[in-house]
Structures are given as C-alpha cells and as structure tokens.
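Below is one structure, written out as structure tokens, with a few remarks after it.
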Amino acid sequence: MLDFGYTDDQIALRDSARRFAQAELPALARKLEAEAEPLPHDWRERFAEMGFLGVNTGLEHGGLGLPLLDALLVLEEFAKISVAVAFPVFECCTGPVRIVERFGNPALKERVVRQATEGSMLVAISMSEPDAGTALTDLRTKAVRQNGEIVIDGSKRWCSGAGHSEGYVVFCRFGDVQGAKGIGAVFVDRDTPGLSFGPPESLMGFRGVPSADMMFDGVRVPESHLLVGPGGFASLMGVFNIERLGNATMALGVAQGALDQVTAYVQERRQFGRPLAEFQAVQIKLAEMAIKVEAARLLIHRAAAAAGTGLPPVRETAIAKCYANEMTREVTGTALQLMGGYGYAEEYGMERRFRDSYGWGIAGGAIDIQKINIAADLIGRRFSQR
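Numbering-wise (my numbering), the sequence shown opens with residue 427 and increments by one.
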C-alpha cells in the first residue's frame with residue numbers, strides 16, 4: 427500500500443525551508459534577476475549553515491544523510507521564489523555533487539563533497555558540446571592518460587555555472603572508441619591551467635544562473651580526478667537521473683510559485699465590481715492549474731521515494747520530468763494570462779516565472795527525448811535515432 431504522507435521530520439524540514447525562503451529570499455531574487463548575477467557567496471554559506479546544501483549528502487561528508495525525497499522538499503520551496511536562489515541547492519543536492527560522491531576516490535570525495543556541503547564550492551556539470559547535446563554520445567572532448575595525469579582537450583557548451591562554479595564534472599571521450607563505450611568523466615577545478623570560459627550567455631530565462639562555453643586546452647588533472655572511465659557511461663547517466671528529478675522539482679517549484687501568486691491576485695483584483703475569483707471561468711482555471719501541479723508532485727515524489735538514498739528508477743524519472751516540464755509551461759502561461767497586464771509586467775515577477783519555465787524542458791534531456799525513453803521502456807528495446 428502506498429503512503430502519500432510525509433513524516434513529521436520531513437514536514438519540519440520542509441516548513442523550515444519554506445519560512446526561510448519566503449522571509450529572506452524574494453528581494454534577493456529580484457536583485458539577481460535584474461542584475462543577472464549569481465547568488466553571492468555569503469548567501470551560499472547561509473544556505474549551508476542551515477543544512478540546505480547537504481540534505482541528502484552522507485553524514486561522513488558533513489551532510490544530513492537524508493533520502494532524496496527530503497532534498498526535493500527543500501528544493502521546491504526555494505524554486506517557488508526563483509530559479510536563481512534555488513540553483514545552489516539544485517546543484518549540491520541533485521546535481522554533479524552526487525556523481526562525485528558516488529564515484530570519486532576517498533580524498534576527492536572528502537574535499538569536493540564536503541566543500542559543497544559547507545557552501546565553499548559549487549560544482550557544475552559539463553556535458554553538451556556544439557555538436558553533442560541530445561546526441562550526447564557524439565561528444566568529442568578528449569581525455570588522454572599521460573604519466574599519472576589526465577590531459578583534456580575540447581570544448582563544452584550550455585554549461586550552467588560555467589566560470590562561476592569552483593568545480594566541474596566533465597564528460598570526456600577516452601581514446602578513439604566511438605559512441606557510449608568511450609565516454610567517462612573527470613573532475614576539474616576552475617583554476618586549472620588551460621581551462622577558459624567564453625563570455626556569459628544571455629538567455630530567455632535563468633537569469634542569475636551563469637552559462638558559458640568552456641574551452642579545454644591541454645588541461646591536466648591528476649589521475650585521481652578520474653570519476654568514471656570509458657565504458658561507464660550508463661553508470662553516469664544512472665546517477666544523472668537524480669539531477670533529472672531535481673530538474674523536475676525546479677519546474678514544479680516555478681509552477682507552484684505561479685499558482686500561489688495568481689491565487690492571491692485573483693482574490694484581490696476586482697473587475698465588474700467583484701473579485702476575479704468570483705468568476706467561474708477563473709475558478710476553473712485555478713482548479714486545472716492545481717490538478718497539474720499536484721499530479722507533477724506525485725510523479726516526482728513517487729520516483730524519489732523509490733530511490734530512497736539510492737538511485738531513482740529510469741522510467742519513473744523520465745515520466746516525472748516530462749510531465750513536470752510540460753506542466754510548468756502551461757501553468758505559468760495560464761497564470762500570466764489571468765494576471766493580464768500585471769502578469770506581463772516585469773515588476774510583478776510572473777513573466778519571469780513564465781520565461782524560466784521553458785528552460786527545464788530543454789535542460790537535462792529534452793521533453794521529446796524523455797518520451798522516446800518512456801516508449802523504449804514500454805516496448806522493451808531502444809530505438810536508433812540515426
């Protein structure tokens with residue numbers, strides 16, 4: 427029998443995150459949006475002091491050691507405010523820190539995971555390239571073992587956190603083996619000689635989340651920075667399912683924030699002598715939005731509950747991400763329409779939610795790719811896209 431309730435500890439953790447986020451972060455979110463700047467380091471340290479950057483990190487590395495679901499409860503509360511203020515929680519609890527924690531050697535794990543939990547290191551994932559995004563197994567960035575080091579040459583694109591994050595999990599090709607079998611991953615510190623960054627990208631949304639190209643020109647790291655060698659691509663993507671649930675939760679938080687905002691708005695805004703909430707057409711729209719938000723939350727939490735402190739199942743993760751990515755676009759669009767001119771105005775923040783909503787269905791595996799993966803699971807075999 428499925429249990430759809432939360433434990434007392436989970437409720438307390440969620441409510442603590444909610445109080446902090448709603449009291450402390452709205453003004454900061456507006457500032458980061460206006461200036462297109464990432465969360466300042468001192469704020470990251472505040473997040474860490476309250477335990478929000480290490481919810482599901484092991485106790486041995488300074489975290490709380492809680493299940494993935496607990497981390498997603500926290501992440502949603504931050505994402506309700508904005509993507510920019512939630513991004514460090516996303517990266518630390520569901521992003522590439524999880525890859526380092528699972529595959530890194532003991533010394534690397536102790537340094538990177540602990541610093542991420544303490545707020546002194548943000549780790550970004552470096553996967554996509556000019557000719558390898560959805561077709562990730564076409565990536566060309568090369569890694570060569572030489573005299574106890576790994577030498578990396580190539581370029582990466584669409585790296586969220588590039589230039590700002592202190593560390594990077596870089597997907598590379600080892601040798602001349604083509605396809606997935608030649609792919610592994612290496613950890614690279616930001617200040618490593620030979621690593622450079624392109625100019626900051628200007629995106630439709632995600633303002634306050636830096637994004638840029640990355641260039642690797644003879645970048646040398648110790649062989650101890652190897653996370654996964656060639657042939658481990660499937661293992662990497664298995665852990666990446668945690669990030670996909672983080673992606674879905676960010677989409678959920680954006681939608682829930684929009685629903686909360688527009689629900690308050692239609693009770694205050696008056697037209698034809700009465701509040702908008704008195705009109706049945708508005709009531710129906712609110713109900714439809716609430717149904718979609720709740721359905722997304724259930725799908726996400728089902729996958730997270732199945733993961734526990736391990737990895738979420740592939741099919742359930744794909745379904746949750748796909749639905750949440752589509753749902754958040756629909757909900758924020760409806761909310762914007764209900765608010766009319768106020769929704770369209772930058773001052774009130776709904777147009778930001780709408781712009782941010784579109785990014786999640788592109789990042790972390792596009793919506794249509796998730797649908798192809800779901801179909802492959804249903805039929806029992808994968809289909810070549812070539």
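No residue lacks a Cβ here, since even glycine has one placed at the ideal position from N, Cα and C.
{"Item": "Asp377 burial status per 10 Å Cβ neighbour count (16 or more: buried)", "Value": "Summary: the structure shown does not reach residue 377, with the chain confined to residues 427 through 812, and so no result is reported for it."}
{"Item": "Distance CB(Arg741)-CB(Asp803) smaller than 8 Å", "Value": "yes"}
{"Item": "CB contact flag (Val692, Val708, <8 Å)", "Value": "yes"}
{"Item": "Nonlocal neighbours in the same chain, by C-beta distance under 6 Å from Leu662, ignoring five residues either side", "Value": "Ala611 and Val654"}
{"Item": "Whole-angstrom distance between Ser591 and Met427, CA atom to CA atom", "Value": "Note that Met427 scores 42 on pLDDT, short of 50, meaning its location in the model is unreliable; the coordinates nonetheless yield the value given after this. Whole-angstrom Cα-Cα distance: 43 Å."}
{"Item": "Phe516 to Met676 span [Cα, whole Å]", "Value": "8 Å"}
{"Item": "DSSP-derived helix/strand/coil call for Val811", "Value": "Here the sequence assigns Gln to residue 811, which means Val is not the residue at that position. It is coil, neither helix nor strand."}
{"Item": "Pro464 to Ala510 span [Cα, whole Å]", "Value": "7 Å"}
{"Item": "CB of Gly620 within 8 Å of CB of Phe642, strictly", "Value": "yes"}
{"Item": "Glu730: first and last residue of the uninterrupted alpha helix (DSSP H) it sits in", "Value": "The sequence given here places Ala at residue 730; Glu does not occur at that position. Ala730 -> alpha helix (DSSP H) spans Gln706 to Ala733."}
{"Item": "Beta-carbon proximity list for Ile726, same chain, < 7 Å, skipping 5 on both sides", "Value": "Leu498, Leu671, Ala674, Thr675, Leu678, Ala746 and Ala750"}
{"Item": "Exposure of Met476, with buried meaning 16 or more beta-carbon neighbours within 10 Å", "Value": "exposed"}
{"Item": "Secondary structure of Arg583, DSSP reduced to three states", "Value": "strand"}
{"Item": "Stretch-stretch touch, CB-based, cutoff 8 Å, three pairs: the stretch 696-705 with the stretch 777-789", "Value": "no"}
{"Item": "Which of helix, strand or coil DSSP assigns to Phe600", "Value": "strand"}
{"Item": "Proximity of Leu764 and Lys711 at Cβ, strictly below 8 Å", "Value": "yes"}
{"Item": "Beta-carbon contacts of Asn667 that lie in its chain and below 7 Å, excluding the five residues immediately before and after", "Value": "Leu737, Pro738, Val740 and Thr743"}
{"Item": "Opposing strand residues paired with Arg700 [DSSP bridges]", "Value": "Gln697"}
{"Item": "Contacting residues, own chain, Cβ-Cβ under 6 Å from Gly658 (five flanking each side not counted)", "Value": "Gly610"}
{"Item": "Secondary structure of Leu652, DSSP reduced to three states", "Value": "strand"}
{"Item": "Those residues which DSSP pairs with Gln572 across a bridge", "Value": "Glu575"}
{"Item": "Alpha-carbon spacing of Phe446 relative to Arg646, whole angstroms", "Value": "41 Å"}
{"Item": "When Gln796, Gln604, Asn573 and Gly593 are compared against Asp564, the one with the closest alpha-carbon", "Value": "Gln604"}
{"Item": "C-alpha distance - Ala606 paired with Ala660, whole-angstrom precision", "Value": "8 Å"}
{"Item": "Nearest to Gly488 (by Cα), restricted to the options Val757, Gln541, Thr560 and Asn531", "Value": "Gln541"}
{"Item": "Residue(s) in a DSSP beta bridge with Glu555", "Value": "Ala558"}
{"Item": "Leu439, buried or exposed, once every other Cβ within 10 Å from all chains shown has been counted against 16", "Value": "buried"}
{"Item": "Cα-Cα separation between Gly699 and Gln687, rounded to whole angstroms", "Value": "22 Å"}
{"Item": "Residue from Ser552, Ala561 and Pro626 with nearest C-alpha to Tyr594", "Value": "Ser552"}
{"Item": "Cβ-based neighbour list, Ile800, same chain, cut-off 8 Å, excluding 5 preceding and 5 following", "Value": "Arg741, Ala744, Ile745 and Cys748"}
{"Item": "Candidates Thr483, Leu454 and Trp469: closest to Gly734 by CA position", "Value": "Thr483"}
{"Item": "According to DSSP, residues forming a beta bridge with Asp615", "Value": "Gly593"}
{"Item": "Given 8 Å, three or more beta-carbon pairs between the stretch 568-581 and the stretch 528-535", "Value": "no"}
{"Item": "For Phe623, the first and last residue of its enclosing beta strand (DSSP E)", "Value": "Leu621 to Phe623"}
{"Item": "CA nearest to the CA of Leu548, picked from Cys518, Leu485 and Glu714", "Value": "Cys518"}
{"Item": "Rounded C-alpha distance that separates Thr760 from Arg695", "Value": "16 Å"}
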